[in-house]
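> Numbering (this note's numbering), first residue to last: 2 to 121. Okay, here's the structure, questions in a sec.
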């Protein structure tokens with residue numbers, strides 16, 4: 002029996018951890034959590050998003066702009082996030098409307114598709 006989602010993983014290019022942490026920890030405000038000692042030499046970093054985790058791994062040779070795969074972060078104030086990201090130079094992409102939700106998408110500095118969503 003599956004009882005929940007523990008974590009999801011995205012990837013960034015090898016050696017881009019500092020830029021990744023600046024975007025995900027400083028701009029988005031996610032908290033970095035410790036990786037187990039056995040995994041620290043593999044690059045990347047882990048983040049806490051409430052009850053779930055986002056594991057940011059590293060891999061080269063992948064064009065992240067060619068995929069629709071993404072994470073959707075549920076937020077309380079969608080307007081705040083739209084404004085914060087726009088002020089930081091992030092291009093907002095309008096998402097297909099879904100009844101009962103306000104949402105938009107953007108790409109992180111590495112091309113990963115990201116969605117912000119809230120109840121409307």
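Glycine is no exception: its CB is placed at the ideal position from the N, C-alpha and C atoms.
Any contact between the region 49-68 and the region 7-24? By contact I mean 3 or more CB pairs, one from each, below 8 Å.
Touching, yes.
> Indicate whether the contact test is met: 3 or more Cβ pairs, each with one atom in the region 81-96 and one in the region 104-112, closer than 8 Å.
As far as the Cβ criterion goes, the region 81-96 touches the region 104-112, which means the pair count is three or higher.
> Can you tell me which residues form a DSSP beta bridge with residue 58?
In the chain shown, the residue the question calls residue 58 occupies position 57. Answer by DSSP bridge pairing, in chain order: 12.
> Express the C-alpha separation of residue 20 and residue 45 in angstroms, rounding to a whole number.
Here residue 45 refers to the residue found at position 44 of the chain shown. Here residue 20 refers to the residue found at position 19 of the chain shown. Going by the C-alpha atoms only, they are around 11 Å apart.
> Less than 8 Å between the C-beta atoms of residue 40 and residue 108, yes or no?
Start at 1 with the first residue of the chain shown, and residue 40 comes out as number 39. Start at 1 with the first residue of the chain shown, and residue 108 comes out as number 107. Taking 8 Å as the Cβ cut-off, residue 40 and residue 108 do not qualify as a contacting pair.
> Rounded to whole angstroms, what is the Cα-Cα separation between residue 118 and residue 90?
Taking the first residue of the chain shown as position 1, residue 118 is located at position 117. Taking the first residue of the chain shown as position 1, residue 90 is located at position 89. Those two C-alpha atoms are separated by around 20 Å.
> Are the beta-carbon atoms of residue 110 and residue 59 separated by less than 8 Å?
By 1-based counting over the chain shown, the position of residue 110 is 109. By 1-based counting over the chain shown, the position of residue 59 is 58. Contact flag unset, no.
> Might you give, ordered along the chain, the residues of its own chain that have their beta carbon closer than 7 Å to the beta carbon of residue 75, omitting 5 neighbours on each side?
Here residue 75 refers to the residue found at position 74 of the chain shown. 118, 119, listed in sequence order.
> Are residue 70 and residue 43 close, meaning C-beta to C-beta below 8 Å?
Here residue 70 refers to the residue found at position 69 of the chain shown. Here residue 43 refers to the residue found at position 42 of the chain shown. Going by C-beta atoms, residue 70 is not nearer than 8 Å to residue 43.
> As a quick exercise: from 29, 62, 35, 34, pick the residue whose alpha carbon is nearest that of residue 116.
In the chain shown, the residue the question calls residue 116 occupies position 115. When each option's Cα is compared against that of residue 116, the closest is 29.
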